[in-house]
Amino acid sequence: MIAPIGQDILFITMLLAFSTAWCGFASKTDDGLLHRMARIGSVVVFTGILAAFCMLIAAFVMSDFSVMAVYQNSHSAKPLLYKITGVWGNHEGSMILWTLVASFFGAILAILKPSLSPTMVVRILATQALMGAGFLAFIVFTSNPFVELVPAPAEGLGLNPLLQDPALAFHPPMLYLGYVGFSLAFSFAIAALLTGQVTREWAQTLRPFVLVAWCALTVGIAMGSWWAYYELGWGGWWFWDPVENASFIPWLSGTALLHSLIVVEKRGALKTWTVLLALITFTFSMIGTFIVRSGLITSVHTFALDPERGVFVLILIGVSAGVGLLLFALRAHLLASEHNFAPISRESLLVLNNLLLVSAAASVLLGTLYPLILELVTGEQISVGPPFFEATFTPMMMPLVFLMGFAPFIAWQDDTLKRLWPHLKLAMLFAITVMALCLALTDYTALRFYLGVGFAAWLLMATIIGWIKNKKQNIAMSLAHGGLAIALCGMVVSSHGSVETIALLSPNQDMKIGQLTLNFHKIEQVAGPNYIAERGTFFAIDEKGVFAKLYPERRYYPVGEKVLSEVAIHTNGLSDLYVVMGDVQKNEDNTIKGWTVRASTRPLIPWIWFGCLIMALGGLAALRTCLKSRCG
Numbered sequence: 214m215i216a217p218i219g220q221d222i223l224f225i226t227m228l229l230a231f232s233t234a235w236c237g238f239a240s241k242t243d244d245g246l247l248h249r250m251a252r253i254g255s256v257v258v259f260t261g262i263l264a265a266f267c268m269l270i271a272a273f274v275m276s277d278f279s280v281m282a283v284y285q286n287s288h289s290a291k292p293l294l295y296k297i298t299g300v301w302g303n304h305e306g307s308m309i310l311w312t313l314v315a316s317f318f319g320a321i322l323a324i325l326k327p328s329l330s331p332t333m334v335v336r337i338l339a340t341q342a343l344m345g346a347g348f349l350a351f352i353v354f355t356s357n358p359f360v361e362l363v364p365a366p367a368e369g370l371g372l373n374p375l376l377q378d379p380a381l382a383f384h385p386p387m388l389y390l391g392y393v394g395f396s397l398a399f400s401f402a403i404a405a406l407l408t409g410q411v412t413r414e415w416a417q418t419l420r421p422f423v424l425v426a427w428c429a430l431t432v433g434i435a436m437g438s439w440w441a442y443y444e445l446g447w448g449g450w451w452f453w454d455p456v457e458n459a460s461f462i463p464w465l466s467g468t469a470l471l472h473s474l475i476v477v478e479k480r481g482a483l484k485t486w487t488v489l490l491a492l493i494t495f496t497f498s499m500i501g502t503f504i505v506r507s508g509l510i511t512s513v514h515t516f517a518l519d520p521e522r523g524v525f526v527l528i529l530i531g532v533s534a535g536v537g538l539l540l541f542a543l544r545a546h547l548l549a550s551e552h553n554f555a556p557i558s559r560e561s562l563l564v565l566n567n568l569l570l571v572s573a574a575a576s577v578l579l580g581t582l583y584p585l586i587l588e589l590v591t592g593e594q595i596s597v598g599p600p601f602f603e604a605t606f607t608p609m610m611m612p613l614v615f616l617m618g619f620a621p622f623i624a625w626q627d628d629t630l631k632r633l634w635p636h637l638k639l640a641m642l643f644a645i646t647v648m649a650l651c652l653a654l655t656d657y658t659a660l661r662f663y664l665g666v667g668f669a670a671w672l673l674m675a676t677i678i679g680w681i682k683n684k685k686q687n688i689a690m691s692l693a694h695g696g697l698a699i700a701l702c703g704m705v706v707s708s709h710g711s712v713e714t715i716a717l718l719s720p721n722q723d724m725k726i727g728q729l730t731l732n733f734h735k736i737e738q739v740a741g742p743n744y745i746a747e748r749g750t751f752f753a754i755d756e757k758g759v760f761a762k763l764y765p766e767r768r769y770y771p772v773g774e775k776v777l778s779e780v781a782i783h784t785n786g787l788s789d790l791y792v793v794m795g796d797v798q799k800n801e802d803n804t805i806k807g808w809t810v811r812a813s814t815r816p817l818i819p820w821i822w823f824g825c826l827i828m829a830l831g832g833l834a835a836l837r838t839c840l841k842s843r844c845g
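Heads up, the numbering used here is the position in the sequence shown plus 213, with the first residue counted as 1.
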């Protein structure tokens, strides 16, 4: 019964979404019937999608294998958590989650009473509903999650074991709340172009929604990075994978959008640029959706292998981006700014911030899409990896980090370097001292190591000084900027200071990792809820004796017949000891020769995720300030 009811709900909700969009665009009065229907319709559409989503969850929890999505992505032996998260661990369920998030933002706006003109509000809701209707049509006609199997199989195929992890279980919803949340910024931009109005109230109303999306995307990207670090067994935290880039690109432009909205709200300037940023940020999110679901890229993150689905998403991108940019070209001249500002001012600083962030996003987008475009045009296959991104992205980040050090002190409208220098000289001295100490205490030859550590020290000290001098006004900015400084320090030091050793070990044998000794104590068989494993016990030893026990595993999943390595990590907050146990090696007579063990020390790598968490807390602090000012 679940499947036919779920299909009917989706189809009816799609029709309601189209009707809501029509009511919103056709409404001519501030409180007419069509206006009220658009508001009510936005809430009803969200309710319908939520009902369908809950029914799909119920099908997964009950292991209803008459539903094809459940059969292909679940198994009765799976733990309950992964039965639930299997809902969005596949293409069809993830697309319902996409539309659910988009409709959620529209419903919240419909319920609230923002200080905007009713015409502006109803145009925003209409745009949001039309977007939702387009994706519901995509789901109903190409990606129906309620397709039935007759007769129903007795058992399912299971979920990729790599995706059966707590961090990755909540990683997709956080990402969706993030980059799908930017859909409302797109709707705000379309409504602004239709009405010819971008007021300070417009920016003040939009900024909390963008902050929610930005915070969620920050946490989602950090969770994905952490999962890749400890689950994939490579020891890296970022690989410039196209699917990773798909969420990072809108994060960069969304960060620029946040800062640009501040200028509109505080000074009434940069209106045209802010509207354009809102359009391209969501367009970047849509491009990410295409990358993940086109089938053009093979990755553990991808959901679709059917190119027809990718074409449908590509059409949606073309229509939404095309309409948005056409409207911008025709009506952007109506969005005049109220104020000019001097070359040295907070406004100018934020303009430079925006240009660097958008340029960085463009460079990542180019490196991500170029191989796909080249293959499509010429048939030639190439790979664009870390060297390209490090050569293009990093040089734009260094001046950005440097300029961020000025943020706590620079004044609106007009300022001078002479006034700023007394605030900044201590931070400059601290950065130079840190670089000198690193030069004296390390033997690294890479210039970017010393520059990276110096810029991180500069930003951290400038942020601390700014917070001390003006605690109330700068708490959100201090957390966000300080978190970036901490994360940057972790990225730079861990990338250059890690030490790795690979050895073939049997129980009671040792290996050296830098100044540490790792003793392979024993190997044993253990059983998990849906796997069996070989678990190794390792003792980590320093000059004081054993300071940690680590238990890496080799897990075998009978459903799917896959073998995965489970990493063991010991951390003290300043450094990680990272141990991976590989395949067993045998002699010619089939006796066990040993296990391949890869161990490494990774200094300051925990700071990456600690810094990202602080950044997200900064966004939440800014959100609290926004809501507090709105509520009086």
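C-beta: ideal position from N, C-alpha, C; glycine also.
None of these values were measured; they are calculated from a predicted model.
Where does W440 land, buried or exposed, given buried means 16+ other C-beta within 10 angstroms? Counting C-beta atoms within 10 angstroms of its own C-beta, W440 has 16 or more neighbours from the protein chains shown and is therefore classed as buried.
Inter-residue Cα distance where the pair is F643 and A675: Straight-line Cα distance between these residues: approximately 9 Å.
Alpha carbon to alpha carbon, what distance is there between F351 and F525? The straight-line gap from Cα to Cα measures roughly 7 Å.
Can H694 and M641 be called in contact, C-beta distance under 9 Å? No.
Is E444 buried or exposed, if buried means 16 or more other CB atoms sit within 10 Å of its CB? By the 10 Å Cβ count, E444 comes out buried.
Thinking C-beta only, is I222 closer than 9 Å to G261? Between G261 and I222, the C-beta gap is smaller than 9 Å, which places the two residues in contact.
Given a threshold of 16 other Cβ atoms within 10 Å of its Cβ, counted over all protein chains shown, does K291 qualify as buried or as exposed? K291 counts as buried, since at least 16 other C-beta atoms from the protein chains shown sit within 10 angstroms of its C-beta.
Going by DSSP in three states, F554 sits in which element: helix, strand or coil? Three-state DSSP puts F554 in coil, outside helix and strand.
Less than 6 Å between C-beta atoms, sequence neighbours within five positions excluded: which residues of the same chain meet that for L465? Around L465: L570, A573, A574.
Pick from F622, I645, T591, T298: whose alpha carbon is nearest that of H636? Among F622, I645, T591, T298, the Cα nearest to that of H636 belongs to F622.
L589 and F541 look like a contact to me (Cβ under 8 Å); what is the Cβ gap, rounded to whole Å? Their Cβ separation, rounded to whole angstroms, is 27 Å, which puts L589 and F541 out of contact at 8 Å.
Less than 8 Å between the CB atoms is what I'm expecting for M308 and F383, so what's the real figure, rounded? Actually they do not touch by this definition, with Cβ atoms about 18 Å apart.
Between which residues of its own chain and T242 is the CB-CB distance below 7 Å, once the five residues before and five after are set aside? The answer, listed in chain order, is H248.
Please state whether DSSP places F516 in a helix, a strand or coil. Bear in mind that the predicted position of F516 carries a pLDDT of just 45, short of 50, making it unreliable; the figure below should be weighed with that in mind. If DSSP states are grouped into helix, strand and coil, F516 belongs with coil.
Is the segment 386-399 close to the segment 419-432, with three or more CB pairs under 8 Å? At 8 Å Cβ cutoff, the stretches touch.
In terms of residue numbering, what span does the alpha helix (DSSP H) encompassing A307 cover? Sequence check: residue 307 is Ser here, not Ala. From DSSP, the alpha helix (DSSP H) with S307 extends over 304-324.
Start and end of the alpha helix (DSSP H) containing A271? Segment 246-274, the alpha helix (DSSP H) holding A271.
Indicate the three-state DSSP secondary structure (helix, strand or coil) for A669 in the structure shown. The three-state secondary structure of A669, taken from DSSP, is helix.
Beta strand (DSSP E) runs contained entirely in the segment 543-588, provided each spans 3 or more residues: The segment 543-588 contains no whole beta strand (DSSP E) run of 3 or more residues.
Inter-residue spacing [alpha-carbon to alpha-carbon] between Y657 and L718: When rounded, the separation of the alpha-carbon atoms in Y657 and L718 is 31 Å.
Can you list, in chain order, the stretches of the beta strand (DSSP E) that have 3 or more residues and sit fully within the segment 655-726? Qualifying beta strand (DSSP E) stretches, in chain order: 712-718, 722-726.
Please list, in chain order, all residues of the same chain as L229 whose beta carbon is under 8 Å from its beta carbon, the five residues on each side excluded. Excluding positions up to five away in sequence, the list reads G254, V257, V258, G261.
Give me the Cα-Cα distance between L833 and A365, rounded to the nearest whole angstrom. C-alpha separation (whole angstroms): 47 Å.
Where does P816 sit, in a helix, a strand or coil, going by DSSP? Residue state, collapsed to three classes: strand.
Closest by C-alpha distance to S473, when choosing among M268, R544, V423, D454: Checked all of M268, R544, V423, D454; the closest Cα to S473 is V423.
Three Cβ pairs or more, each shorter than 8 Å: is that satisfied between the segment 583-599 and the segment 543-563? Verdict: no, contact absent.
For a test of the three-state rule: what should DSSP assign to N286, helix, strand or coil? Look at N286 here: in three-state DSSP terms it is helix.
The alpha helix (DSSP H) enclosing G437, as first and last residue numbers: Counted as a single uninterrupted DSSP element, the alpha helix (DSSP H) harbouring G437 occupies residues 413-444.
Does W680 come within less than 9 Å of chain D when only Cβ atoms are used? Considering every chain present, this structure includes no chain D. It has just one protein chain.
Could you spell out the range, first to last residue, of the alpha helix (DSSP H) harbouring V848? Residue 848 lies beyond the residue range present for the chain, which begins at 214 and ends at 845; the question has no answer from this structure.
How about the segment 716-732 and the segment 788-804: do they share at least three Cβ pairs that are nearer than 8 Å? The segment 716-732, when compared against the segment 788-804, does touch it at the 8 Å Cβ threshold.
Does the Cβ of L518 have 16 or more other Cβ atoms within 10 Å, making it buried, or fewer, making it exposed? Confidence in L518 is poor, its pLDDT being 49 and thus under 50, which makes the residue's placement unreliable; the coordinate value appears in the next sentence. That one is exposed.
For a quick check, are the C-beta atoms of T494 and L529 less than 9 Å apart? No, Cβ-Cβ distance for T494 and L529 is not below 9 Å.
Taking C-beta to C-beta, are V334 and P327 nearer than 9 Å? Yes. Within cutoff.
Where DSSP assigns a beta bridge to A781, which residues make up the other side? Looking at the DSSP assignment, A781 forms a beta bridge with V792.
Ends of the alpha helix (DSSP H) at E457? Looking at the DSSP string, the run of the alpha helix (DSSP H) that includes E457 is 455-480.
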